[in-house]
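Numbering (the working numbering), first residue to last: 74 to 699.
The C-beta atom is built at its ideal place from N, Cα and C for all residues, glycine as well.
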């Protein structure tokens, strides 16, 4: 029979189909299996409405066979099959979709789930095949026909021999070349893997001949190879089952198999959303961060399915960055897919699903916090940094969603508390939230600035993560209570009488402080303070940048370096204050040396580097030797 040109499109369009629309060659199998599933769907639907159609659902199947010698991969179904005209219309015309036509004709019947709608999936087979033969016999015909094509040069349709109705797609796999190994698609295990990856939840059984080794009958140690026909796919996805009938072990096994984590998840969120957009979701909150979580190699995203067919391995648009640790699957029949079913169109449906998932995660985390504190603290230890980045990023756009999920260690009992819990136990005369920064809880607890605040009975939040103070600044306040750093210049714990007394003391000694500043010009100011109880000195800061933020920013691998505006504060009631006054009267040079030593000590307490350690060491030794 004479070869025909493809009807509606040019060779250039055919070339585009094969080489541009599909970016991943292995998805050809997904497309052919999906077409087979659609063909079975059509016949099964007819059997429900037409009594003359005598088929049983349990008899439907898709069978895949491999002939390595002939280099053929065959995908067979016992669906509706195609007539000669349907072969011409569906395969001879690029972008003509029999599935879409069927769905359009039956649109009022909402229970129809037809996968293929664009009429181009079949042509993905040319990415891996040098010859494609489609042998088909319609359920309504006694004659079979075959479509044969080598690609862009055209096709022919001719009579064929086929005993039963249905369709066989026979792909002659290309020969291997230097940079492409097409023979992988003739490997039994590789094909099984692709079925499990993309088509595991096709409604109908996908069967193959699978070779196993069995112990020979009557032998203790001799094995023989036995070929058996097995169903490769799981058929019904776990997320579409009634969650009341799913055990925790089944959830954990699914999670482990899908996401390669051998520790069970902290939380499973199984949900079906019905409304303007219908979708199933099964989400997992891991018990720990993966090894590459905080690296550029980590990819967030949920597995995205449409009617049980994998569309995207990791759909990043379904999760905000602050929930990037969540694993899971989403399956919706309402997705707007692009022509290749590889990339999702950005539309309101996807955004609606993502919004629903975000709300559900927040609700479940809140429930865990309120009802399973131990488990939530385990979660917080693993992923609090991500939540805090979520508050800080985009100028605090999402802070109100996340602020009740973050926790800090309390000075009261060294346990984690939420901001809500802290505010609920404020003292009657307290209108601020006190916090302190440091590398560890123990180091913060020993800070000079912390001592007096604790002594006055105020609870302090200990911030130990490098992002914490940035988060506090973005929040600004919580429940109308401002955040105040215990190292801030404006701590304001004195009574009015104490303030007046200190103001007078600092005014009387301002000349002494000027001399001291000659020794440490790095500080903006030197003054006496009441913020210290037993400690002699401390650094306080003025403005937006604290000493802790200085350390964090300067530790980053950038050229940006900053310095906090610091104030050297001296305990007015400590004996060092009298020593400084004495030196001012009798030895101003020694006063400057003392000032340098005191400033270096204050920086060490804060965990800040000393610019001139040799000079400071010599000065200390000089004073000790006298």
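Nearest neighbour of residue i, chosen from the options [CA to CA]
| i | options | result |
| --- | --- | --- |
| residue 619 | 610, 453, 639 | 639 |
| residue 531 | 498, 513, 560, 552 | 498 |
| residue 457 | 655, 334, 360 | 360 |
| residue 226 | 240, 487, 358, 199 | 199 |
| residue 495 | 446, 554, 334 | 554 |
| residue 564 | 440, 609, 275, 614 | 614 |
| residue 502 | 682, 388, 251, 568 | 568 |
| residue 528 | 518, 536, 537 | 518 |
| residue 550 | 385, 477, 274 | 477 |
| residue 300 | 280, 407, 392, 345 | 280 |
| residue 102 | 158, 244, 123 | 244 |
| residue 700 | 317, 452, 441, 265 | Beyond the ends of the chain as shown, which are 74 and 699, falls residue 700; an answer cannot be given. |
| residue 111 | 120, 142, 428, 277 | 277 |
| residue 504 | 483, 490, 557, 539 | 557 |
| residue 621 | 337, 649, 511 | 511 |
| residue 248 | 575, 204, 516 | 204 |
| residue 131 | 124, 696, 120 | 120 |
| residue 363 | 345, 333, 377 | 333 |
| residue 302 | 389, 287, 137, 259 | 137 |
Residue j beta carbon less than 9 Å from that of residue i
| i | j | result |
| --- | --- | --- |
| residue 201 | residue 255 | yes |
| residue 405 | residue 351 | yes |
| residue 312 | residue 402 | yes |
| residue 218 | residue 208 | yes |
| residue 641 | residue 689 | no |
| residue 135 | residue 109 | yes |
| residue 77 | residue 271 | no |
| residue 358 | residue 475 | no |
| residue 232 | residue 220 | no |
Three-state class that DSSP yields for residue i in the structure shown
| i | result |
| --- | --- |
| residue 281 | strand |
| residue 693 | helix |
| residue 680 | coil |
| residue 266 | helix |
| residue 510 | strand |
| residue 189 | Since pLDDT at residue 189 reaches only 43, below the 50 mark, its modelled position is unreliable, and no value is offered. |
| residue 168 | Low confidence applies to residue 168: its pLDDT is 45, below 50, so where it sits in the model is not reliable enough to give any reading. |
| residue 130 | helix |
| residue 503 | coil |
| residue 570 | helix |
| residue 175 | Low per-residue confidence applies at residue 175: pLDDT is 43, beneath 50, and the placement is therefore not dependable, though the value from the model is reported in the following sentence. Residue 175: helix per DSSP, three-state reduction. |
| residue 156 | coil |
| residue 552 | coil |
| residue 558 | strand |
| residue 699 | coil |
| residue 296 | strand |
| residue 400 | strand |
| residue 136 | strand |
| residue 670 | helix |
| residue 237 | coil |
| residue 431 | helix |
First through last residue of the beta strand (DSSP E) which encompasses residue i
| i | result |
| --- | --- |
| residue 388 | 382–388 |
| residue 544 | Careful: residue 544 lies outside any beta strand (DSSP E), inside the alpha helix (DSSP H) at 541–548. |
| residue 376 | 375–379 |
| residue 481 | 480–483 |
| residue 355 | 352–358 |
| residue 202 | 202–210 |
| residue 194 | That residue, residue 194, is in no beta strand (DSSP E); it is neither H nor E in DSSP. |
| residue 591 | From DSSP, residue 591 is part of no beta strand (DSSP E) but of the alpha helix (DSSP H) over 583–592. |
| residue 213 | Careful: residue 213 lies outside any beta strand (DSSP E) and carries neither H nor E. |
8 Å contact criterion, which residue i and residue j should meet: CB distance rounded
| i | j | result |
| --- | --- | --- |
| residue 644 | residue 602 | 7 Å |
| residue 152 | residue 113 | 4 Å |
| residue 462 | residue 395 | 6 Å |
| residue 387 | residue 373 | 7 Å |
| residue 616 | residue 665 | Their Cβ separation, rounded to whole angstroms, is 26 Å, which puts residue 616 and residue 665 out of contact at 8 Å. |
| residue 210 | residue 235 | 4 Å |
| residue 399 | residue 426 | The Cβ separation is near 14 Å, so there is no contact. |
| residue 683 | residue 692 | Actually they are not in contact, since the Cβ atoms of residue 683 and residue 692 sit about 11 Å apart, beyond 8 Å. |
Residue i, enclosing alpha helix (DSSP H) - first and last residue
| i | result |
| --- | --- |
| residue 650 | 648–659 |
| residue 453 | 446–465 |
| residue 325 | 321–332 |
| residue 112 | 101–122 |
| residue 605 | First-last for residue 605: undefined, no H or E at that position. |
| residue 627 | 620–627 |
| residue 475 | 472–475 |
| residue 227 | Residue 227 -> not in any alpha helix (DSSP H); beta strand (DSSP E) instead, spanning 227–233. |
Min CB distance residue i to chain B below 9 Å
| i | result |
| --- | --- |
| residue 643 | In the displayed structure, chain B is absent; only one protein chain is listed. |
The ligand NAP heavy atom lying under 8 Å from the CB of residue i
| i | result |
| --- | --- |
| residue 408 | Summarising the ligand content, the structure contains no ligands, and the ligand NAP is consequently not present. |
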